[in-house]
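Residue numbers for the sequence shown follow this note's numbering, so the first one is 69 and each next one is one higher.
Written out below as structure tokens is the structure these notes cover.
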Amino acid sequence: MGLSLEGAVRGLHHITLVGGSYSVNHRFYTGLLGLRQVKLSVNQDDIFHRHVFYANPAKPTGSTITFFEWPHLPVGHPGLGSPHHLAYEVKSLEALARWKCFLEAGGFKVSGPHKAGGIVSIYFRDPDTSLLELTTSSEDASEQFILDLFNTTKAPPHPDSDMQLLRFHHVSPIVADAKLAARFAEKFLGLEMVEITSNPFNPENPLVLAGEPENTYLRYLVSQAAETGYVGRGSIHHVALAVESDEDQKKMLRRLEKASIHHSGVVDRFWFKSLYFRDFQGNLMEVATMGPGYDVDEPWESLGSRLALPPWLEGARQMIESRLAEQDKTSADAYPPNPPEPPETL
Ligand SMILES: [Fe+2]
Ligand SMILES: [Fe+2]
């Protein structure tokens with residue numbers, strides 16, 4: 069059990085990936101997966117490329133997946149510094165079975181159901197090859213019950229409300245050293261629950277679970293043989309953890325400084341404030357404040373419906389919009405996509 073640190077993180081804030089064509093990405097995450105575009109903006113460090121945010125429409129906190137639109141990048145590959153996959157939680161086994169049928173009917177390859185460690189999961193890839201997992205508690209269901217359920221479920225024409233992606237269940241960075249990952253989660257992130265266990269898919273390799281007792285949202289896949297990854301299209305770029313206040317963020321900053329961990333300093337992103345650093349094994353992490361929030365500059369009802377820019381970029385709006393329009397003419401827009409198959413084991 070971890071220490072109770074001041075200014076400790078309070079779950080996932082957002083997870084940022086690298087995407088290709090915005091129109092393909094948008095169709096997949098809103099049209100197919102049923103998330104809502106809650107912010108359409110630009111990458112503040114690369115202002116002629118979009119930064120788009122999707123989330124559970126009812127509860128963006130802990131469910132926001134964001135994309136840097138970089139269609140010119142080659143496809144990345146997971147490894148040290150390039151996390152393996154992320155998982156969304158769904159309500160029930162029935163919902164999970166419907167997702168598998170629905171995705172397969174749409175031409176996507178789906179791996180699973182896989183039952184391990186008290187959860188049942190399916191895996192598939194988005195159009196840019198990002199590996200996604202949908203998961204739910206196995207509720208002590210037998211393997212046979214799960215197989216029968218998946219074999220008898222029919223694909224719905226559209227995802228129904230029971231199939232809503234609720235929140236992130238976990239994200240899985242890759243690390244080479246389990247103890248180092250556990251120490252980082254405990255001493256720097258201040259996570260309450262940190263445990264080294266074994267990977268149910270690959271029992272000789274450890275798995276580090278970190279988060280809260282009922283919500284271990286960081287699940288580090290450990291492999292001593294892991295090689296350095298490459299962040300490209302389809303990769304998880306960084307994982308952002310939430311802190312409640314500016315004060316809590318400063319406490320985190322002081323903790324990083326005390327340990328001589330290089331960091332970005334606090335960066336005002338307008339909708340939240342960010343602090344970036346790398347963990348001991350190369351993964352880019354962010355600690356972001358809960359506020360002011362995505363609705364500080366546009367009403368909740370029309371969130372994400374127009375290009376939103378922080379005040380300091382408004383002067384460049386015309387130039388930004390014309391560069392984005394140029395880019396849209398050249399970025400590939402094939403749909404439905406044909407991503408490679410998901411792996412059978414993790
Ligand atoms: Fe997973
Ligand atoms: Fe971020």
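Here a beta-carbon is modelled for each residue, glycine too, at the ideal position from N, C-alpha and C.
Residue i burial status per 10 Å Cβ neighbour count (16 or more: buried)
{"i": "Ala76", "result": "buried"}
{"i": "Glu409", "result": "exposed"}
{"i": "Leu199", "result": "buried"}
{"i": "Glu241", "result": "Looking at the sequence itself, residue 241 is Pro, so the reference to Glu does not match. Under this definition Pro241 is a buried residue."}
{"i": "Met69", "result": "With a pLDDT of 43 at Met69, under the threshold of 50, the modelled position of that residue is not reliable, and the figure given next carries that caveat. Exposed, because fewer than 16 other Cβ atoms sit within 10 Å of the Cβ of Met69."}
{"i": "Arg374", "result": "exposed"}
{"i": "Lys247", "result": "exposed"}
{"i": "Pro444", "result": "No information on residue 444 is available, as it lies outside the stretch 69 to 414 that the chain covers here."}
{"i": "Asn219", "result": "exposed"}
{"i": "His140", "result": "exposed"}
{"i": "Lys127", "result": "exposed"}
Reference residue i, options the options, closest by Cα
{"i": "Glu157", "options": "Gly147, Thr203, Pro142 and Gly185", "result": "Thr203"}
{"i": "Thr284", "options": "Val290, Glu162, Glu295 and Leu259", "result": "Leu259"}
{"i": "Ser131", "options": "Gly350, Gln105 and Asp336", "result": "Gln105"}
{"i": "Ile214", "options": "Phe236, Asp230, Ser189 and Leu200", "result": "Ser189"}
{"i": "Leu164", "options": "Leu154, Tyr191 and Ala184", "result": "Tyr191"}
{"i": "Asn93", "options": "His119, Gly79, Glu74 and His81", "result": "His119"}
{"i": "Arg301", "options": "Thr197, Trp380, Phe176 and Pro227", "result": "Thr197"}
{"i": "His81", "options": "Ala253, Thr129, Phe96 and Glu137", "result": "Thr129"}
{"i": "Ala123", "options": "Ser342, Gln232, Ile388 and Met353", "result": "Gln232"}
{"i": "Pro227", "options": "Leu257, Glu172, Tyr362 and Glu325", "result": "Glu172"}
{"i": "Val290", "options": "Ser266, Leu141, Glu312 and Glu201", "result": "Ser266"}
{"i": "Leu101", "options": "Ser160, Pro411, Leu234 and Ser210", "result": "Leu234"}
{"i": "Phe116", "options": "Met387, Leu277, Ser303 and Ser229", "result": "Met387"}
{"i": "Asp208", "options": "Glu201, Arg193 and Ile187", "result": "Ile187"}
Enclosing beta strand (DSSP E) for residue i [first to last residue]
{"i": "Glu354", "result": "Leu352 to Pro360"}
{"i": "Thr203", "result": "Leu199 to Ser205"}
{"i": "Lys183", "result": "Ser179 to Ala184"}
{"i": "Arg287", "result": "Asn283 to Val290"}
{"i": "Glu295", "result": "It is not in any beta strand (DSSP E) - Glu295 carries neither H nor E in the DSSP assignment."}
{"i": "Val307", "result": "Ile304 to Val311"}
{"i": "Glu369", "result": "Neither: Glu369 is in no beta strand (DSSP E) and is coded neither H nor E."}
{"i": "Phe176", "result": "Careful: Phe176 lies outside any beta strand (DSSP E) and carries neither H nor E."}
{"i": "Thr132", "result": "Thr132 to Glu137"}
Assigned secondary structure, residue i (DSSP; H/G/I helix, E/B strand, else coil)
{"i": "Thr84", "result": "strand"}
{"i": "Glu263", "result": "strand"}
{"i": "Ala123", "result": "strand"}
{"i": "Asp336", "result": "strand"}
{"i": "Ala244", "result": "coil"}
{"i": "Gly70", "result": "Reliability of the predicted coordinates at Gly70 is poor, the pLDDT of 44 falling under 50, and no value is obtained from them."}
{"i": "Pro379", "result": "helix"}
{"i": "Val364", "result": "helix"}
{"i": "Thr9", "result": "There is simply no residue 9 to check, as the chain begins at 69 and stops at 414 in what is shown."}
{"i": "Glu272", "result": "strand"}
{"i": "Asp194", "result": "coil"}
{"i": "Ser189", "result": "strand"}
{"i": "Gly99", "result": "helix"}
{"i": "Arg323", "result": "helix"}
{"i": "Ile329", "result": "coil"}
{"i": "Phe348", "result": "coil"}
{"i": "Glu409", "result": "coil"}
{"i": "Leu215", "result": "helix"}
{"i": "Thr278", "result": "At residue 278 the sequence reads Ala, which differs from the Thr that was named. In the structure shown, Ala278 sits in a strand (DSSP, three-state: E or B)."}
{"i": "Arg78", "result": "coil"}
{"i": "Phe252", "result": "helix"}
{"i": "Asp208", "result": "coil"}
Run of the alpha helix (DSSP H) containing residue i, from where it starts to where it stops
{"i": "Glu157", "result": "Careful: Glu157 lies outside any alpha helix (DSSP H), inside the beta strand (DSSP E) at His153 to Glu157."}
{"i": "Tyr90", "result": "Tyr90 to His94"}
{"i": "Gln232", "result": "Note, Gln232: premise wrong, no alpha helix (DSSP H); not H, not E."}
{"i": "His163", "result": "The sequence shown places Ala at residue 163, rather than the His named in the question. Start and end: Leu161 to Ala173."}
{"i": "Arg104", "result": "Taken as a continuous stretch (DSSP letters only), Arg104 belongs to no alpha helix (DSSP H), being part of the beta strand (DSSP E) at Arg104 to Asn111."}
{"i": "Thr398", "result": "Arg385 to Thr398"}
(message) For the pair the stretch 100 to 120 and the stretch 267 to 283, tell me if three or more CB-CB distances fall below 8 angstroms.
(response) no
(message) Can you confirm whether the stretch 212 to 228 touches the stretch 164 to 173 when touching is taken to mean that 3 or more C-beta pairs between the two stretches lie within less than 8 angstroms?
(response) yes
(message) Check whether the stretch 296 to 306 and the stretch 142 to 153 touch, using three or more Cβ-Cβ pairs below 8 angstroms as the test.
(response) yes
(message) Please enumerate, following chain order, all residues with a beta carbon closer than 7 angstroms to at least one heavy atom belonging to ligand 3.
(response) This structure does not include ligand 3; its bound ligands are ligand 1 and ligand 2.
(request) Report yes or no: do the stretch 303 to 323 and the stretch 352 to 364 share at least 3 C-beta pairs separated by less than 8 angstroms? (result) yes
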